[in-house]
Structures are given as C-alpha cells and as structure tokens.
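Have a look at the structure below before the remarks.
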DNA sequence: ATGCAGATCTGCACTTACTGCAAATCTGCA
DNA sequence: TGCAGATTTGCAGTAAGTGCAGATCTGCAT
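Chains as they are written, first to last, in the UniProt record's numbering: chain A, 1 to 201; chain B, 1 to 201.
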C-alpha cells in the first residue's frame, strides 16, 4: 500500500470514528457533515470524496454478506436444494466483528431504528441484497424453481434472519456473544425454513 | 364535507396532478417543490402542509392494503392456516384503480425504479407493512407459529407478490387488465407458498 | 349582515445536504 | 529536483425542509 492509500484509509477511519463519537454524543440529526469533517480535521467538501452521503458512512462493505451467500450458491452440491444452500450460507457469513457485535453495530442498529434516512438506506441495501440472492438462486436452480418461488424462498430466508436477530437483540438486554448469537439465529432460521427443506428437495 | 374540506381536497389533487405532469415532462429531480406549488397555484411553503416531503406525494393512503390483510387475518376461520389467510387476503385488496393500473401507477413504478429517494420511501412503506403483517400473524396464530416463522412466511408472501408483479409487468410490454394481473399474481403466489399450505395447516 | 375564533395560507429568514468548478497542495516516479 | 496526475479545499450555488409571525379565510353565532 502506497503512502497515498494508507493516508486515505487513515482519514476514512478517522471520519467514521469522529462520526460515531458525535452521533453518540449529540445524535444523528444534530450532527452536521461539517461537524464530522472538522472533528476529523479535513475540509467539509472533502468529506464527500470519501462518502457519497452522510448515511453512507454507516454502511461500509455492505455486500460482503451477499458475496458469501453467492459463493455458497455457487459451491452447491447436487444433493442440496435451494433452502439447504441458504442455510449453509448462514454459516459462512463473515462476522468481521464490526457488523453485529462490533462497536459500531449497536450504534448502527439504534440509528436504523430511529432515523428515517438511515433506515431507508439500510432497507435499500437489504432489498438489493435480497433481489440479487433471489436472482442467483433462480439461475442456479432453474430446473427446480421459478423466479417467483426463488423470491418467496429468499424473502422467507431474509425475513427469518431479520426477525431472529430482532428477537434475540431486543430481549435479554445483554447482547450475547457472537457465537451464541450465530447459533441461535441458525436454529431459528432452520426451524422457520423447515417447510422448504424436504418437499422441494 | 365542509367547504374547507372540499377546497383542501381539491388543492391536494391539484398538487398530485401538477406533480405528475411535471415529473413526466421533466423528470423527478429536475422538478422542484417550488415548481409543483407554482403549477398548483399555492405558495411553496404551503406544499409542506399537504405533504411532509416531495416523495410523500407519490404514496397516498399506502396502508389500505395492509388494512385489508389485517382484516383477512381477523376474519379467519378455524380451518385456515396462516398461509391460507394470506392467500385469501390477496383477493380482498382494494384495487382502487390507482395503485397498480391507474394513471399514476406507471409513473410511480418508473420513479421507484430510477429515483433512489422514491425507492427508499417505497421500501420503507413495504417493510413497515411486512412487519405489521408478521406481527399480527404471530399474534393470531400464536399457538401454531412463533415470531420468526411468522416473519418467514410473511417474507415469502411479500417476496412472492413483489416478484410476480415484477415478472408480469416487465415482460409483455403491454400491461394486462387488472383482472388478469390479479389472477396471475394469485396463481404465482399460490404456487410459491405451496410448501406452507398443508403441513403447517 | 356582522363579527369573532380558530384554521389555513404565505412570505421570510434560516439550516443543511450536496454539487461543480477552479485553484492550491501533495504524492509517486523519473 | 521537478513534473504529471491525484487529492484537497474554498467558494458559490441549488434545493429540501422548518419555525415564525402576520395576513387571509371559513364556520358559526348573534
């Protein structure tokens, strides 16, 4: 990595850190982009050469999980049906320590719940991911399920994962360890997708 | 209806019509709220006493469909399972002639596809609807399915309907009649939810 | 008809996100 | 050391959205 790249990465991280700090302290809406840029010691205009918008700051590398699912689809065995592939994919998602349990995770979830703009962006990312997965699934299992069935299965999958996370994160007050969380999501999703497991193959 | 109410309704409609005209002619982004207000002959400031934002203009009465589904859940028979209820609800949604086939429908779908802000709002509405339906379903069938299963089923249902509409609206070039469209969506959704029909019961 | 109370409309000033442009600055490399 | 290309930054501008206060209008009782 050149000096340029290192510097850029450092500035980027500084922006995320500064923003997180400010969001936590004074809320999302009361924090302006100018505030964030000033805290990271760059010009306001320069902020937008790092992130296209204020919301974008909260969703870096958001397609890593989609890529993991696509990889799971591509590496399917002849014995697997579409539902099995999705459930297997659940075990391969990269828990980079920043997405569900990292320091930013709680803040991100809080902001998704409370700030419409952030919520909108999150939903857009989720929907795009869902569409992409459904498309790939329909292609990979073209001989077994049509586009609508693939969309239904993907919707069930995403809906189940989302709900499981919601249930698990809201109840105990204490966030479980990543491993426990993972296992619980897996169990709940597994049960929820049961109707798809054997009959469709 | 008092004169006040009639006047207000007329102004509201004038705003929608003016906006639709302008969006069609010069695109969403190149149409400012001031343009719309001027075309409807009201002050710019007044626009925001009719719609909270520019996007809101495109999504009036967006919860009519949710209400229809909730009504279907509430009027369930003991013989019906959750999937059956959802499929039955599909027959009771009000096709007010403005939602899928009306003059605004094509424009709305076009803007949802191309304008991120509109897309974001549409997804937010859809997601909220999905959550509400899942919640009601879990309550109504508390003895048969848990929250995660309810969310999975709802996700499958919404995903299937969305995909069916997408497939049907993109292919022929000619939009089918409301009745045909309805029947086709029903058939596709019916097939896609088949795994949920008998086993869960 | 008249006049009052409350609702509605509207202009004004303001904040904020975001963009285009051009000048200044910096980095990689010969 | 110096050049080419990339990055940074200030400036000016557009547009959405908000609070406020005064003007205007509607419903209703007299």
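Where is the CB? At the ideal position from N, CA and C, for every residue including glycine.
Query raised in the report: For residue 22(B) versus residue 11(B), is the C-beta spacing smaller than 8 Å?
Result: no
Query raised in the report: First and last residue of the alpha helix (DSSP H) that includes residue 208(B)?
Result: Only positions 1 to 201 of chain B appear in this structure, which leaves residue 208(B) out of reach.
Query raised in the report: Is the Cβ of residue 186(A) closer than 8 Å to any Cβ of chain B?
Result: no
Query raised in the report: Is it the case that the Cβ atoms of residue 169(B) and residue 83(B) are separated by a distance below 8 Å?
Result: Taking 8 Å as the Cβ cut-off, residue 169(B) and residue 83(B) do not qualify as a contacting pair.
Query raised in the report: With distances taken from CA atoms, which of 114(B), 76(B), 61(B) is nearest residue 140(B)?
Result: Of 114(B), 76(B), 61(B), the residue nearest in Cα terms is 76(B).
**Report entry** Residue interval of the alpha helix (DSSP H) (run including residue 192(B))
**Finding:** Unbroken alpha helix (DSSP H) run through residue 192(B): 178 to 192.
**Report entry** C-alpha distance - residue 116(B) paired with residue 120(A), whole-angstrom precision
**Finding:** 10 Å
Query raised in the report: Of all the options 195(A), 41(A), 20(A), which has the alpha carbon lying nearest to the alpha carbon of residue 56(A)?
Result: 20(A)
Query - Contact set for residue 108(B): own chain, Cβ-Cβ below 7 Å, skip 5 residues either direction - result: 58
Report task. Taking only the alpha-carbon atoms, compute the straight-line gap between residue 201(A) and residue 41(A) and give it to the nearest angstrom. Result -> Caution is warranted here: a pLDDT of 42 is assigned to residue 201(A), below 50, making its placement in the model unreliable, and the coordinate value is therefore given only provisionally. Roughly 57 Å separates the two Cα atoms.
**Report entry** Close Cβ partners of residue 151(B) (< 6 Å) along its chain, the five nearest in sequence each way excluded
**Finding:** 134
Query raised in the report: Nearest to residue 89(B) by alpha carbon, out of 74(B), 34(B), 122(B)?
Result: 74(B)
Report task. Measuring only between beta-carbons, confirm whether residue 159(B) sits less than 8 Å from chain A. Result -> yes
Report task. Using a Cβ cut-off of 8 Å (strictly closer), state whether residue 124(B) contacts chain A. Result -> yes
Report task. Mind the definition here: the stretch 150 to 165 of chain B touches the stretch 153 to 161 of chain A only if three or more C-beta pairs lie below 8 Å; say whether that holds. Result -> yes
Report task. Go to residue 128(A), then tell me how far its alpha helix (DSSP H) extends in each direction, as first and last residue. Result -> 116 to 140
Query - Rounded straight-line distance, which links the Cα of residue 110(A) to that of residue 18(A) - result: Straight through space, the alpha carbons of residue 110(A) and residue 18(A) are spaced by roughly 17 Å.
**Report entry** For residue 201(B), the three-state DSSP class (helix, strand or coil)
**Finding:** Residue confidence is low: residue 201(B) scores 42 on pLDDT, short of 50, so the model does not pin down where it sits. Its coordinate-derived value is still stated next. Residue 201(B) falls in the coil class under three-state DSSP.
Query - Euclidean distance between Cα positions of residue 71(A) and residue 147(A) - result: 19 Å
Query - Closer than 8 Å to chain B by CB, residue 148(A) - result: yes
Query raised in the report: For chain B, is any of its Cβ atoms less than 8 Å away from the one on residue 201(A)?
Result: The pLDDT assigned to residue 201(A) is 42, lower than 50, so where the model puts this residue is not dependable; a value taken from the coordinates is nonetheless given after this. So no, residue 201(A) is outside the interface.
Query - chain A residues whose Cβ lies nearer than 8 Å to that of residue 119(B) - result: Within 8 Å Cβ-Cβ: 124.
Requested in this report: Under 7 Å Cβ to Cβ from residue 16(A), same chain only, skipping five residues before and after it: list those, please.
Outcome: These residues qualify, in order along the chain: 57.
Query raised in the report: Cα separation between residue 196(A) and residue 127(B)?
Result: Roughly 23 Å separates the two Cα atoms.
Query - alpha helix (DSSP H) segment containing residue 83(A), residue limits - result: Counted as a single uninterrupted DSSP element, the alpha helix (DSSP H) harbouring residue 83(A) occupies residues 82 to 90.
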